[in-house]
Each structure stands twice: as C-alpha cells, then as structure tokens.
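Right, one structure below, let's go through it.
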Amino acid sequence: MADTVVGENPDPHAAGEDPNRRDFIHIAAGAAAVGAVGALAWPFIDQMNPSADTLALASVEFDLSKVALGQQVTIKWRGKPLFIRKRTEAEIAAAVADDSANMPDPEADEVRHKPGKAEWMILIGACTHLGCVPTFAGGDYGGWFCPCHGSHYDTSGRIRRGPAPLNLAVPTYEFLSDTTVKVG
Amino acid sequence: MSGHSTYEPKTGIERWLDTRLPIVRLGWDSIVDYPTPKNLNYWWTFGGILAVCLGIQIVTGVVLAMHYVPHVDHAFASVERIMRDVNYGWLVRYMHANGASMFFIAVYSHMFRGLYYGSYKAPREVLWILGCIIYLLMMATAFMGYVLPWGQMSFHGAVVITNLFGALPIVGEAITTWLWGGFAVDNATLNRFFSLHFLLPFMIAGVVGLHIWALHVPGNNNPTGVNVQSKADTVPFHPYYTVKDGFAIVLFLILFATFLFYNPNALGHADNYIPANPLVTPAHIVPEWYFLPFYAILRAVPDKLGGVILMFGAIAVLFVLPWLDTSKVRSMRYRPTGKLYFMIFVVACLVLGYCGGQLPDNHVIPGLSTFILIDADLNSMVWLSRLATLYYFGYFLVILPLLGLTETPTAQPESISTPVLSHPAGMPAGAVAAPEKKG
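Here the protein sequences line up with chains S and G, keeping their order. According to the numbering used here, the first sequence is numbered sequentially starting from 42. According to the numbering used here, the second sequence is numbered sequentially starting from 2.
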C-alpha cells in the first residue's frame with residue numbers, strides 16, 4: 042500500500058513503544074543527577090561548620106580570689122569574652138529591686154546566679170544585639186553599656202534599654218570550691 | 002556584539018584566526034567600531050574608570066596575597082611586614098586599600114548617573130540588575146578584605162556584620178556559627194574570608210563581562226534618554242570614547258594619587274592599627290565610609306531584626322527599581338519635578354552617610370536639647386537617620402511609582418541630534434552641521 046497515513050506518529054522510536062518507559066528513564070536520570078549533586082553539596086556546605094577540634098574546646102577553671110569586690114575580670118572562653126563580676130550588696134539590691142520592672146526579656150535576678158552566690162555574676166560578654174563587648178559599670182543601670190549601638194544592661198546583665206533583644210547569656214558553670222569556678 | 006559586524010580581516014593570519022576563534026572580531030565590534038550615542042557626557046566615563054579600578058585591585062591583591070599570612074597570630078604582623086620590609090610593599094598595600102575607596106567613589110557615581118538618566122528602564126533592566134549584583138559582590142569583597150589585617154576595626158566589624166545574620170528567626174544562630182566555623186569570629190573565620198576575598202573579584206570580573214554584553218545588546222543610554230534612531234546619532238567608540246574615557250581615567254588617577262601619596266590613611270580608621278583584641282570593643286565602632294549609609298539605616302531601627310531587614314532592603318529595592326518607576330520618560334532632564342525629588346534623594350543618601358559616622362545620641366545641632374520622642378532626643382543623629390531612611394525608601398516605593406503617573410514632563414527632543422542641530426544661535430555651516438560628511 043502506497044497510501045500516506047495521516048495522523049500517525051512518524052517517529053520510528055515511538056512506534057510500537059510505550060512512551061511511559063522513555064519518560065521514566067528521563068525522570069529517573071534527572072532525579073539521580075539532582076540527588077548526586079545534592080549529596081555532594083552537603084560536604085561542601087558542612088565543612089564550614091565548627092570542626093572537631095573546635096568543638097572539643099576544653100572548659101576553663103578560674104580562681105575567683107583574683108576578683109575584688111565591685112570589680113570584674115574578663116577571660117576568654119570559646120573565643121568569646123567571659124565576664125566574672127563580684128557584685129556589691131548595693132548592686133545586688135538594685136538588681137533584685139528591679140525584678141518586676143518592665144524589660145524586654147524579663148527574668149528574676151536569682152535565676153541568673155547560683156543559689157547563695159548572689160555576689161558572683163558570670164556572663165558571656167557579648168552584647169545580644171551584634172556581639173560587641175559591653176563596657177563594665179557603664180550605662181543608665183550601672184551594669185554594662187554596649188558602645189556599638191547603645192544597649193544598657195543592669196547589674197544582673199538584663200537588657201533594659203537599647204536595640205539588644207535578650208539578656209547577657211549565662212554560660213553553664215559550677216563552683217568546684219568557694220574560690221574556684223569551672224565554666225563549660 | 003549585536004547587529005552587523007564591520008570587521009574585515011586584512012591579513013592571512015587574521016582570516017585564519019577569524020574562522021576558528023573570532024576574538025579579534027569581538028574586540029573590534031565591542032570597542033573599536035561599536036556605535037555609541039554621540040552626546041555622552043563625563044558621567045558616562047565611570048564605566049571605564051570602574052574597569053581600571055577592578056584591574057588595579059586584582060593586580061595589587063594578587064601581589065599582597067604573596068606576602069600576607071591568613072592566621073590570627075600572624076595576619077597583623079604580616080601586614081606590617083608588607084608595610085615596612087617588603088620591597089614597595091607600602092605602595093602596593095596603600096594602592097589596594099585606597100583603591101577600594103576609589104572603586105566605591107566610582108561605583109556610586111556610576112549608580113547615581115543610572116538613576117538620574119533612567120538607565121535602568123526598558124530595555125536595560127537586565128543590565129541594571131547585573132550592575133546591582135556586581136555592587137553586592139563588591140560589598141561582600143570589601144567587607145571581607147577589611148577583616149584581613151586583623152586590627153581592632155577588622156575584628157569587631159566582622160563580629161557586628163556576621164551577627165546581623167543572628168537576627169534571623171530559628172536559623173539565625175546556626176547560620177552565624179556556620180559563617181564563623183566556631184563559636185566566635187576566630188582563625189577559621191579569617192581563613193575563609195581570605196579564600197573568598199581572593200575568589201570574589203574574579204566573579205565580579207565574570208559578571209562585568211555579562212554587564213557589558215547586556216549593555217551592547219540595546220546599546221548605551223544617553224543624557225537625553227531618547228533612543229538612537231539613525232547612524233547620525235552615533236559615533237564609533239574608537240577614537241571618540243576611548244579618548245574621552247582615557248582623559249577621565251587620567252583625572253581619576255590624579256585624585257587616586259593624591260590620596261595614595263599625600264594622605265593614604267585619610268579614608269581609614271586609626272583603630273585598625275591596633276591588633277585585634279576580642280575582649281575589648283573600640284569605643285566608637287564604624288564601618289568604612291562606603292558602608293556608612295547602610296549602617297545608619299541599621300541603627301535607625303530600634304528592633305534588631307527590623308534593622309537588618311531594612312538594611313538589606315535598601316539594596317534589594319534597587320533590583321526591582323525598573324518596575325517601580327512608572328514614568329515613560331527616561332532622563333530626569335525632561336522631568337522637572339522628578340529631578341527635584343532626585344536631588345533630595347542624593348542629599349538623603351549623603352545625610353545617611355554622615356549619620357552613620359556619628360554616635361546615635363549625638364546632637365545634630367550642637368548644644369540644643371529638645372525633647373525625647375519615643376526613645377531618643379528629637380535633635381539626635383538617630384532621628385535624622387530615621388528621617389533620611391524614610392525618604393530613601395519613600396523615593397523608591399512611593400515617589401517614583403506615583404510621580405510617573407501624575408507629573409507633566411517637558412518636551413523631549415525628537416532625536417539625539419535634534420537639540421544640537423536646531424540650536425537657537427542658528428544652523429552652523431559646513432562640517433559642524435553635518436559631521437558625518439566630514440573628511
């Protein structure tokens with residue numbers, strides 16, 4: 042028969058073959074390529090996260106007898122400054138008196154120090170706004186003042202005024218004796 | 002790159018190469034016989050100036066990398082060694098440091114020119130967006146480069162900028178830890194910044210290639226904003242604009258040399274000559290001058306996340322500008338009202354830059370205390386910043402969309418040549434009247 046058949050698919054590959062099989066191969070190959078690229082991308086992203094030796098940073102022990110009443114010593118812990126402040130009775134009283142004051146991140150003074158150790162205020166010395174180191178005894182509340190963008194912290198390290206959203210962080214620590222503290 | 006090529010290879014070797022890699026043809030069509038509007042003014046020379054700036058930064062940067070040590074214990078000392086001991090190290094480092102400032106002077110001139118003459122409007126939207134990408138890459142490169150000397154400003158600048166990402170809800174902390182490679186800005190951070198600071202300029206060069214490609218498809222905009230209509234409106238790029246750009250580059254290099262040789266630290270900050278100390282933040286921390294407007298926007302907002310969003314938004318808004326400006330008239334020359342609002346916009350940007358360098362509580366008018374409005378004295382830098390920030394966003398999001406619908410533009414010329422040829426002094430005669438017929 043020499044008649045031209047109109048409407049039939051002239052593609053020889055398609056003739057007599059189930060088109061779904063070819064679609065499946067395309068989709069499977071594409072999915073495999075995307076999966077492989079994704080699996081390879083992760084190591085290249087994750088390599089920027091803290092390495093094993095960085096994570097293994099040891100905790101620090103500190104001799105509290107170095108800190109005089111009303112003063113503060115700053116040490117480095119995990120690359121960040123750590124404030125160890127020995128508060129006066131007046132500073133503790135000021136912090137406790139403000140427990141119910143209106144503040145952005147309300148917290149009672151007593152949960153920010155160890156029980157019976159109200160004089161020791163141990164905090165991570167990084168402003169919760171953008172990480173600058175607040176200056177000792179500055180600002181309107183006698184605690185700390187951040188020079189970068191003007192955040193005022195009280196003597197309990199609570200944010201009282203300025204752009205910082207949170208109180209200065211309290212690290213994990215324990216008293217090994219009356220004069221030694223272990224941070225981390 | 003588009004349209005008919007006029008390149009004719011004259012020698013055998015040129016013909017041989019042209020059929021294999023038509024690179025000489027590409028150069029000929031792009032920078033020799035490329036038809037360019039004949040009325041471009043000196044604001045159009047900043048493209049060429051920027052190419053020179055990129056070249057200077059790459060050459061001096063590669064040289065500095067031969068002597069610099071990316072380690073927290075050695076970085077500061079290695080920079081001082083470059084300054085004191087390496088042959089001509091002082092020259093190369095001052096070229097690189099001042100070159101960054103020159104780069105930003107040129108890019109801001111280039112961007113304000115685009116804003117004034119409507120160079121972002123159809124059919125140049127992609128060209129404009131590629132420019133915005135280059136600007137973003139430049140900012141990332143400049144920021145990371147400033148960290149490398151590991152001075153006090155380097156370190157605490159890096160702390161502040163990386164902490165911006167901490168403002169993001171949920172993922173913020175994970176992202177900052179990932180950026181730092183630790184729990185604070187430290188050696189891992191310095192190392193990766195060095196690697197990326199080396200990489201990004203070459204990415205900039207790549208996007209510059211796309212930028213020029215996207216320029217050569219529709220061709221240059223021009224001060225009238227009127228499309229090129231015939232060959233009478235254009236001149237070949239060479240020698241007309243090679244010479245004009247060359248002259249502007251010489252003037253620009255004189256300015257560069259003035260800073261470089263007479264006041265190389267004028268644009269820097271003295272605190273960056275103090276080695277980085279993670280335990281003490283400088284009393285007055287400021288970024289480099291070219292970031293001050295964005296820093297002022299960041300500080301204008303009392304909320305951490307809000308400030309970060311607005312600061313990035315100030316750049317993001319540039320990307321959608323082609324669709325915000327509703328005016329059909331490109332050049333502000335023919336938009337008297339638009340021109341006025343544009344001038345105020347330039348002033349607002351300068352005011353933001355000024356505020357960014359001041360303490361937020363400083364008085365604008367010295368010695369005058371007014372009253373506390375919400376959280377700060379009305380006569381303070383923070384309120385001036387808020388006013389200028391409001392205008393910055395208002396210009397893009399309110400003024401340009403509405404003004405295009407309501408203003409009455411003045412008459413545009415029919416073509417680029419018309420205002421020249423119908424000069425009120427009368428028709429000039431001879432070669433001046435018909436320069437295309439000369440010689």
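Don't be surprised by glycine CBs; every beta carbon is placed ideally from N, CA and C.
Residue range of the unbroken beta strand (DSSP E) whose run includes Thr37/G:
As a working note, residue 37/G is residue 36 in the second sequence. It spans Pro36 to Pro38 - the beta strand (DSSP E) in which Thr37/G sits, taken as one unbroken run.
Residues of the segment 154-186 of chain G with Cβ closer than 9 Å to any Cβ of chain S, in chain order:
His157, Val160, Val161, Ile162, Thr163, Asn164, Leu165, Gly167, Ala168, Ala175, Thr177, Thr178, Trp179, Leu180, Trp181, Gly182, Gly183, Phe184, Ala185 and Val186
Ordered list of alpha helix (DSSP H) runs contained in the segment 279-328 of chain G, each at least 4 residues:
Runs of the alpha helix (DSSP H) lying entirely within the segment 279-328 of chain G and spanning at least 4 residues, in chain order: 293-301, 305-320 and 322-325.
Count the other C-beta atoms from every protein chain shown that fall within 10 angstroms of the C-beta of Ile14/G, then say buried if there are 16 or more, exposed otherwise.
Position 13 of the second sequence holds residue 14/G. Exposed.
Assign Arg63/S to one of two classes, buried (16 or more other C-beta atoms within 10 Å of its C-beta) or exposed (fewer than that).
As a position in the first sequence, residue 63/S is number 22, starting the count at 1. Arg63/S is exposed by the Cβ-count criterion.
Throw me the rounded Cβ distance for the Thr169/S and Leu207/S pair, which I believe falls under 8 Å.
For the purposes of this step, residue 169/S is identified with residue 128 of the first sequence, where counting begins at 1. For the purposes of this step, residue 207/S is identified with residue 166 of the first sequence, where counting begins at 1. Indeed, because the Cβ distance is near 4 Å, the residues count as touching under 8 Å.
Secondary structure, alpha helix (DSSP H): runs of 4+ residues fully inside the segment 333-387 of chain G:
337-357
In terms of alpha-carbon separation, which member of Leu27/G, Glu9/G and Thr12/G lies closest to His217/G?
Here residue 217/G is taken as the residue at index 216 of the second sequence, counted from 1. Here the closest residue by C-alpha is Leu27/G.
For Met67/G, which beta-bridge partners are listed by DSSP?
Numbered from its first residue, the second sequence carries residue 67/G at position 66. In the DSSP output, where bridge partners are listed per residue, Met67/G has none listed.
Using three-state DSSP, classify Pro237/G as helix, strand or coil.
Reading the second sequence from its first residue, position 236 is the one you call residue 237/G. Strand.
Note down, in chain order, every chain G residue with its Cβ under 9 Å from the Cβ of Pro145/S.
Looking up residue 145/S in the first sequence gives position 104. Think of a sphere of 9 Å around the beta carbon of Pro145/S: no beta carbon from chain G falls inside it, the nearest being about 10 Å out.
Could you compute how far the alpha carbon of Thr407/G sits from the alpha carbon of Phe104/G?
Sequence index remark: in the second sequence, residue 407/G carries index 406 (1-based). Sequence index remark: in the second sequence, residue 104/G carries index 103 (1-based). Spanning the two alpha carbons is a distance of roughly 37 Å.
Does the segment 356-364 of chain G come within contact of the segment 126-135 of chain G, defined as at least 3 CB pairs closer than 8 Å?
no
Whose Cβ in chain S lies nearer than 8 Å to the Cβ of Arg387/G?
Here the question's residue 387/G lines up with position 386 in the second sequence. Going along chain S, no residue has its Cβ under 8 Å from Arg387/G, so there is no contact; the nearest lies around 13 Å.
Under three-state DSSP, which class holds Gln153/G?
Position 152 of the second sequence holds residue 153/G. Reduced to three states, the DSSP call for Gln153/G is helix.
With a threshold of 16 other CB atoms inside 10 Å of the CB of Leu252/G, please say whether the residue is buried or exposed.
The residue given as residue 252/G occupies position 251 in the second sequence. Under this definition Leu252/G is an exposed residue.
Taking Cβ positions, are Leu319/G and Phe195/G nearer each other than 9 Å?
Taking the first residue of the second sequence as 1, we reach residue 319/G at position 318. Taking the first residue of the second sequence as 1, we reach residue 195/G at position 194. Result no, Cβ atoms of Leu319/G and Phe195/G do not sit closer than 9 Å.
For Asn90/S and chain G, any beta-carbon pair shorter than 9 Å?
In the first sequence, the residue the question calls residue 90/S occupies position 49. At least one CB of chain G lies nearer than 9 Å to the CB of Asn90/S.
Taking all protein chains shown into account, do 16 or more other C-beta atoms lie within 10 angstroms of the C-beta of Ser6/G, making it buried, or fewer, making it exposed?
Position 5 of the second sequence, counted from the start, is the residue given in the question as residue 6/G. Under this definition Ser6/G is an exposed residue.
Nonlocal neighbours in the same chain, by C-beta distance under 6 Å from Glu151/S, ignoring five residues either side
Mapped onto the first sequence, residue 151/S falls at position 110. For Glu151/S, where only same-chain residues beyond five positions count, there are no Cβ hits under 6 Å.
Exposed or buried, Tyr263/G, counting other C-beta atoms within 10 Å across all chains shown (16 or more means buried)?
Taking the first residue of the second sequence as 1, we reach residue 263/G at position 262. Burial call: exposed.
Closest to Ala284/G by CA distance: which of Thr115/S, Trp83/S, Pro175/S and Glu148/S is it?
Here residue 284/G corresponds to residue number 283 of the second sequence, with the count starting at 1. Among Thr115/S, Trp83/S, Pro175/S and Glu148/S, the Cα nearest to that of Ala284/G is on Pro175/S.
Going along chain G, which residues have a C-beta under 8 Å from Lys121/S?
On the first sequence, residue 121/S is found 80 positions in, with the first residue counted as 1. Within chain G, the residues whose beta carbon sits less than 8 Å from that of Lys121/S are Phe184, Ala185 and Pro279, listed in sequence order.
Counting only the same chain and skipping the five closest in sequence on each side, list residues whose C-beta sits under 7 Å from that of Asp19/G.
Numbered from 1 along the second sequence, position 18 holds the residue referred to as residue 19/G. For Asp19/G, where only same-chain residues beyond five positions count, the Cβ hits under 7 Å are Pro10, Val25 and Arg26.
Since I believe Val281/G is in contact with Ile417/G (beta carbons under 8 Å), could you give me their beta-carbon distance rounded to a whole number of angstroms?
Position 416 of the second sequence, counted from the first residue, corresponds to residue 417/G. Position 280 of the second sequence, counted from the first residue, corresponds to residue 281/G. Going by Cβ atoms, the distance from Ile417/G to Val281/G rounds to 60 Å, so no, they are not a contact pair.
Does DSSP classify Gly225/S as helix, strand or coil?
Here residue 225/S refers to the residue found at position 184 when the first sequence is read from its first residue. Gly225/S: coil per DSSP, three-state reduction.
Tell whether a beta-carbon distance below 9 Å holds between Ile125/S and Val108/S.
Here residue 125/S refers to the residue found at position 84 when the first sequence is read from its first residue. Here residue 108/S refers to the residue found at position 67 when the first sequence is read from its first residue. Yes.
Please classify Asn99/G as buried or exposed, where buried requires at least 16 neighbouring CB atoms within 10 angstroms.
Taking the second sequence and counting its residues from 1, one reaches residue 99/G at position 98. By the 10 Å Cβ count, Asn99/G comes out buried.
What first and last residue would you give for the alpha helix (DSSP H) that runs through Leu164/S?
Position 123 of the first sequence, counted from the first residue, corresponds to residue 164/S. Taken as a continuous stretch (DSSP letters only), Leu164/S belongs to no alpha helix (DSSP H), being part of the beta strand (DSSP E) at Trp161 to Ile165.
Closer than 8 Å is the cut-off here; do at least three beta carbon pairs connect the segment 184-203 of chain G with the segment 70-78 of chain G?
As far as the Cβ criterion goes, the segment 184-203 of chain G touches the segment 70-78 of chain G, which means the pair count is three or higher.
As assigned by DSSP and simplified to three states, the class of Ala205/S:
Residue numbering aside, residue 205/S sits at position 164 when the first sequence is read from its first letter. Coil, per DSSP.
Segment limits, alpha helix (DSSP H) that includes Ile135/G
Taking the first residue of the second sequence as position 1, residue 135/G is located at position 134. Here the alpha helix (DSSP H) through Ile135/G covers Glu126 to Val148.
When you compare the segment 192-199 of chain S with the segment 300-311 of chain G, are there three or more beta-carbon pairs, one atom per stretch, that lie closer than 8 Å?
no
Burial state of Lys158/S, where buried means 16 or more other Cβ atoms lie within 10 Å
Reading the first sequence from its first residue, position 117 is the one you call residue 158/S. Lys158/S comes out exposed.
Completely contained alpha helix (DSSP H) runs for the segment 120-206 of chain S, where each covers 4 or more residues:
130-138
Mind checking if Met42/S is an interface residue toward chain G, Cβ cutoff 9 Å exclusive?
On the first sequence, residue 42/S is found 1 positions in, with the first residue counted as 1. Note that Met42/S scores 46 on pLDDT, short of 50, meaning its location in the model is unreliable; the coordinates nonetheless yield the value given after this. No, its Cβ sits nowhere closer than 9 Å to a Cβ of chain G.
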